[in-house]
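Chains as they are written, first to last, in the numbering used here: chain A, 1 to 468; chain B, 469 to 936; chain C, 937 to 1404; chain D, 1405 to 1872.
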């Protein structure tokens, strides 16, 4: 209803009541106007129905939703199923155009607006989280692995003669495969054990750079978010190497945005002039949306343009819409509360597990400081065969995400072989269990986990005792 | 409500009424069982609410929706916004795992089932549409351009020493860019004009193959769906070349599934033993879903596995879910009706434009046979400056998708320069307009188009006359 | 987004694209403005998403949806379940206030507007359907029976000394019970058989009026929509009696709005100056919404006010909202199409049954003219015990709504006894089946019915033959 | 998916993953089975999506949702608008049949089940809230006023010669009008002032009973939930009178279920053998659903049957569905938490206002004990003209529900005149403000209210001062 319509409404309902409604409406419009003006997440959460209404308004700006639109092209945003249409809030045109993922589509002003605005809001979220020097954020509707591949392809295009990627071992298949899919050759740098946790082998990196021609190296991939006992890579030293030898630096920060420690590390690198080209992170792991998107950050327009131009053709707007809704639903306050709560619960989880380890003659084998999201605890009192059983017993008791790493697991990916796969290291000495206090975890989860884990552990430990 | 619950319901409502409801329910369950058993699209459409309910049941099979599930991993499918959760029917885990896009996820039996089943239903749809010899279909949650890149990367991995892609010119940026993004080198083969439409230059293809070492060629890309006057590539001859010289053949069939002619051409190639490796098509352009997915078809398990293994990490389930809903909503009948109707309306559109052309001293410059989706019509009576104006006038009159191609447009993509960009040919002689009768078009659209187009044309033609 | 917000949007997306969207938006706003201005149903259907968005805007005008509203009353429109809130589009305050169902609520400008506007749109629908002289329409959130009671209570309040209601027998329990619930005393006037169908016994009405004191009669209830062979009451003569003796006339027109014949009859009465006080009809039976509302029509402001003032307290807005959505979804065109189609299908059904009757030695026992919605057909060739069986066999074959009337059924309601209950007459001679061609029926329904009915009938008839 | 379907699913996804899903599903089915078996609200809240799915399953049990159902009746549950259908979860048939609101409908097993079950769940909620001796609960899809009328009509039918209703004055129009609408004659018994609050004038009640013939009295209406300074009626003494003189007793308990004090009073009456026939309460005011329904409680099957039989015809199922969803969403725990929190916040509000009153030389004029939901505070330091202004200033500051009662307001309803309308008493001495701490209020609401109220009050008080 526009102003004129509201005037006719006053013939049906007294002016003073309509006036109050008009004021309430203006507050809402004002809020939306401010978001568009400043391109910043509002302080407080926006009501869900207000977000939904705004989204509908945006969808109305796309030509497929124009009354009387006649489509004689090959792609006119028609949607067969009304259920599908509703799931997508009538947004049908996706994002991107002719090989530029941030290009606006003449047919789809609304989708284009949503895409541009969301990238800005994501950038604001990134600043709020502490990466204040980042200048560009891009939501890519592909998960982190494929986005890593896209970044690698983009870097490779700038360095057409390069072949190698120096990679600090992290036992996530998708990270490793992102290199292979880009048809580049990974040079695997094993972690070194340092004081009970795993650490980047900087010397080996430098050695490799010197052995290979730096120009033959497409980039270095470091990883900040990882499962204990693997620690945050020493990105300070790596980025110095990158700078020194003019090698691009791609950070796999999959779920690192949720950790103030990781954020701090990255921010420090940048402030001390280390080299970072792209930082890739997952939307789902950091912002509690369904799997499907990632965010690439850069500090440089040219890198940003190269990446956005690299994406061929159109792409789904869904991850963008999910981020739009979620950031507005959180507000700045909600986002910071989540971060705060995760940190608090990580500490709580760490304490509880430490106490439990002490009571049961096991040890925490991860650094509280350098492994700020997950915790690894030995299972040395269990029979080796029971270690896998423990994982499966937890799973059938509806504990998901607890990972058991068993000594001696081998894994071959393509032609590459890994010893102790899952442990990020060829040299671990114990089987262990890793758990994470990831964003969204609740205190109750930790309590129930501790109880169920202890039950299962004690049951299996009795096996070990009786076997002796 | 399980059977036991229904028994308690009979304490509240008479047995005979419950019994009738039970029978109705059994019919529904039966229908779903049959789909799962035969992995085929039902003959008749499924009711939307039945689909929605099934989808909810599937979502309940994912661990994030288990009552009492405790998540201690780094990605537990938590969704912050309930609006986002509803948009995704509570599906959060995406598809794929550790670098295999069809791998099942232990945490997400429902999503895994949905993914597998939908690929089967898509394969059935492909068979229904006439590609009866295809053996594998894979929904990829990326649009056609990026999926072409993924296919190219997969092919390149098998032919690590290859560098070139032989490409029959088609002026769609995303197709061309998919080659560049894969860091391969396109060899552009211009179309030849044949009897008023553009045709594949087979001789030039063979010449290039012979000049370059066939082993240096990663693949040939042909295009079947394209804007008139560009015609379907001569895929018969191309696939023979591919066979002769052992070169992979990738078909860009972006919106070709909607045309029985194109389907027929592809099927013929296969039946006559030509070589086809991957056929890539859009979900949105062929099945009326929002932009975001594509379908890759192959005739070979190994090629299928290579592709599915190439995808690094997880991916959005949204395009899959959209296809699932849409295919069930259509039923076999609805799908064939759409195809039938499109064909009929294409013929109608062709007739109307032919008549109009005759009346206005313009000509149709596309082959009805080899350009079965779109039609090109000259604009030779307009001033060159008015040609662009015509496009923009149509657009502001809410005609979307009509493309004006103006003589002499130059375009540079990377280092490659194209003459008469948009016309798929360096040698066209007239500016022209292309329109399409794509799937979902209605008779009314054609009538309104004819009227509005004529209005605008006559207005501009008067300019031309008065200028003389 | 207000104009200012759109201006900021132009910093993100080119002005010309936003401008096109703005125009499309203006068309939509214009459409809504026109509806509010003229208070008439639009010619063409409104898109569902536009209706939904408008409804959301209206809901935003209620104080429970104001940002920052503080409620310190006893009823503040809070909704516990977000699922419930969504079902109601966030509308919570209902309609009516302090004993006037059309009073506006200061707290709920939106709900009040929706209520007023919908009553106007319903009035427009009534005019479109042909009751052009009606001046007031009121949607009451109670089904017809209870609304009949409310009308009776309202009439009784004006005639405090009256006790009787003269009632032309119609075997619908809720109509009869509406009199008993109002604590009035029904005088049952039996139908007379006339030329194979049942007709109002006008003489008996007049006799009763003269026997009782006219002032002791609260009102006459006539029924226009009924199951064959009961015909439309002779409302012309009844309304003349009402006029002559100054007795109010309440028409039970439950599902009569769908019949052009019934509409015509009522309109004729009014044009010839007969007396009609209130006409009551169902929203669900005439407008294809869920059960829950009715519409009261009057020709007189005073009667309208007396009724709206009679309703004590607040009431559900749901039936109003359903009507609002439905009328806008239909548009004038959709509404008239439905009426047209029903008439056509009634005629088709009549023909098919006539032919069937001829073939099977049964007869149609209803007047095509005076029973314009339903058709009665004898079952004289079946054993009496099989007549009930036929009803139940149809029902288990998913034929709902076919009513079997068996000779000799007795029914007592309160202290009143009815012979041949269901047949509207103590004197019928055959068991029979009644079916209706009600609004929304489809040709396919009729075909399947004819087939299934014939199957069942022949099966049972064989029983009759073999029994002999 | 039934068991058989799940077996086919195991061909697509490993058995062990499906098995885990099957277990999770069984837990959910179990939960629903238990609710149907015990007809009790679950201890813990049910997930919204589980409720929605159950509701869909129930809707599938209605014939309008049967696949292949053919409707040849006059009301077949067809829904025109899919938006309307979704709002109603596809439930279309309403509740009740032929003049019995709890009768099951053969066509609508699902709706019938939902209706019966919800009445049982509501009864359980009533028991949980403390009315443990109540034996029957009935959700009526009309708000309290109209339901009071229905109760009165039902009582009147049993006492056909009665005319009067003895009514303890409460200035809610809908309560008073419910008597007039039933065409009964109210005898207004004024409150007496007792120790600063208003109390039932028992002596006057008895005097009236004796003056009128008890058989001429249809019933006594007492009110338990009311705005301060009106207190809970002395229902103990009234129910004793009712017992002594064999007069029915109808309790207007509109929003009394939320108060443990009121619950306690009613329960005491019953335990001490006082007479209560029907207790009427609002669904929206007590259970945070939209306006539209009420609950009638009785202790006696016959009274229950008389009421359910009195309702003529069908009725909306919406209020029932809202209650179903809400009670399952709350769980027993959620319901009790709400009650607990309201009580706590009432006490807090009382304290804050007492302190404020002391600071500002005003007084609380309601009993904390006998007015357990609302609080009245004098405005004696304001000019009389500013008292209304205060109400309106609060309203424009988005404080809703604060009622200003101004000395000397007269109101006529029908032929009855009330002095000091709004104050429940002809003899109040001060203008005052009433506010409530109703269910769902939050601490933050109270704080903001106190601040805004004080601002407005001080502003107006300065007027008073400056005027002097």
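Note that the Cβ used here is the ideal one computed from N, Cα and C, for glycine as well.
Terminal residues of the alpha helix (DSSP H) in which residue i lies
i              : result
residue 892/B  : Looking at the DSSP string, residue 892/B is not in any alpha helix (DSSP H), and its letter there is neither H nor E.
residue 1247/C : Here residue 1247/C belongs to no alpha helix (DSSP H), and DSSP marks it neither H nor E.
residue 1754/D : 1722-1764
Three-state class that DSSP yields for residue i in the structure shown
i              : result
residue 661/B  : strand
residue 617/B  : helix
residue 50/A   : helix
residue 1590/D : strand
residue 1233/C : strand
residue 1045/C : helix
residue 998/C  : strand
Minimum Cβ-Cβ distance from residue i to chain C less than 7 angstroms
i              : result
residue 1726/D : yes
residue 1522/D : no
Residues sharing a beta bridge with residue i, DSSP
i              : result
residue 1820/D : 1817/D
residue 1662/D : Its beta-bridge partners do not exist; DSSP assigns none.
residue 1541/D : 1701/D
residue 900/B  : 846/B, 873/B
residue 1007/C : 1804/D
Residue i at chain A interface by Cβ criterion, 7 angstroms
i              : result
residue 746/B  : no
residue 1336/C : no
7 angstroms Cβ cutoff, residue i in contact with chain B
i              : result
residue 1538/D : no
residue 1542/D : no
Bounding residues of the beta strand (DSSP E) (the contiguous stretch that carries residue i)
i              : result
residue 718/B  : 717-720
residue 1683/D : 1682-1686
residue 166/A  : 164-168
residue 1155/C : 1153-1159
Interface flag, residue i vs chain D, CB-CB below 7 angstroms
i              : result
residue 1010/C : yes
Worksheet item: Within the chosen definition, does the stretch 1305-1323 of chain C reach the stretch 1270-1290 of chain C through at least 3 CB pairs nearer than 8 angstroms?
Response: Yes, they touch.
Worksheet item: Would the stretch 1681-1695 of chain D and the stretch 1195-1206 of chain C be scored as touching if the rule is three or more Cβ pairs under 8 angstroms?
Response: Pairwise C-beta distances place the stretch 1681-1695 of chain D out of contact with the stretch 1195-1206 of chain C, as fewer than three of them are shorter than 8 angstroms.
Item to complete: Decide yes or no for the touch test of the stretch 1452-1462 of chain D against the stretch 1135-1147 of chain C: beta carbon pairs closer than 8 angstroms, at least 3 of them.
Response: no
Item to complete: Please determine if the stretch 1115-1123 of chain C and the stretch 1231-1248 of chain C are in contact, where contact requires at least 3 C-beta pairs separated by less than 8 angstroms.
Response: Contact between the stretch 1115-1123 of chain C and the stretch 1231-1248 of chain C is absent, because fewer than three Cβ pairs lie under 8 angstroms.
Item to complete: Would you be able to state if there are at least three C-beta pairs under 8 angstroms between the stretch 137-144 of chain A and the stretch 193-202 of chain A?
Response: no
Worksheet item: Can we say the stretch 40-52 of chain A touches the stretch 320-333 of chain A, given the rule of at least three CB pairs closer than 8 angstroms?
Response: yes
Discussion item. Would the stretch 1426-1446 of chain D count as touching the stretch 1482-1500 of chain D if we require 3 or more Cβ pairs under 8 angstroms?
Written reply: no
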